[in-house]
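Numbering (the numbering used here), first residue to last: 1 to 174.
For every residue, glycine included, the Cβ atom is placed at its ideal position computed from N, Cα and C.
Predicted model, so just to flag it, every value in this text is computed and none were measured.
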Amino acid sequence: MKLLAFAASSSKKSVNKQLVTYAAHLVAGADVEVLDLNDYELPLFSVDKEADLGKPALALAFLDKIASSDAILISFAEHNGSYSAAYKNLFDWCSRANGKVFQGKPMVMLSTSPGARGGASVLASATTSAPFFGGQLKASLSVPTFYENFDVEKQELKNEELKGKLLAALATLA
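Have a look at this one:
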């Protein structure tokens, strides 16, 4: 299985990138590609910009990555209860080129944050909207209090209960 993984964040020290990278490598036998949203930075979407630019090559390249994958794993950063601006902007550009951004791919959605809710608000939005954009949501998991539950030095979950839930969620991609 070719697994496409990314954090819906542009932070270079993203806790969501740490989580999604760790999680992706738990999928047995998967050929993993972890993307960095910073490689797909685009001007802020507007219909005026779209009229000027058409469909930007970076948005089309991102859609090609999705098309060439067998499954998708995303970990969402939460900014004020919603998507990060970087993810939302890329998603908006991509949705104009292909309304079914996720192209029928099975997917697992994650979120984490230093706080007790672990990005639960953005995860709820993402899981609700995924089917409308061609995503086959198989499972989701919020990891609360990232620094208490994730060993940053070893780059792994140290909370065994959460690790079990993560492994169960990832097993749905098989």
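Look up residue i in the DSSP assignment and give the residues it is bridged to.
i           : result
residue 79  : 82
residue 110 : 75 and 141
residue 6   : 35 and 74
residue 92  : Beta-bridge pairing links residue 92 to no other residue.
residue 157 : 150
residue 136 : 106
Looking only at its chain, what residues have a beta carbon closer than 7 Å to the beta carbon of residue i, apart from the 5 residues adjacent to it on each side?
i           : result
residue 60  : 97
residue 159 : 149
residue 116 : 144 and 145
residue 38  : 10
Among the residues of its own chain, which have a CB less than 8 Å from the CB of residue i, if the five just before and after it don't count?
i          : result
residue 33 : 2, 3, 4, 5, 65 and 69
So residue i and residue j are supposed to be a Cβ contact under 8 Å. How far apart are they, rounded?
i           : j           : result
residue 71  : residue 105 : 6 Å
residue 141 : residue 89  : No, residue 141 and residue 89 are not in contact; Cβ-Cβ is about 25 Å, not under 8 Å.
residue 102 : residue 130 : 6 Å
Return the residue from the list the options that minimises the CA-CA distance to residue i.
i           : options             : result
residue 146 : 76, 167 and 108     : 76
residue 150 : 67, 18 and 169      : 18
residue 35  : 26, 21, 169 and 121 : 21
residue 139 : 74, 7 and 84        : 74
residue 41  : 13, 84 and 80       : 84
residue 153 : 86, 128 and 15      : 15
Given residue i, which residues of its chain have a CB within under 6 Å of its CB, disregarding the five upstream and five downstream residues?
i           : result
residue 136 : 106
Using 7 Å as the limit for Cβ to Cβ distance, is residue i near chain C?
i           : result
residue 144 : Although the question refers to chain C, the structure presented lacks it and comprises just one protein chain.
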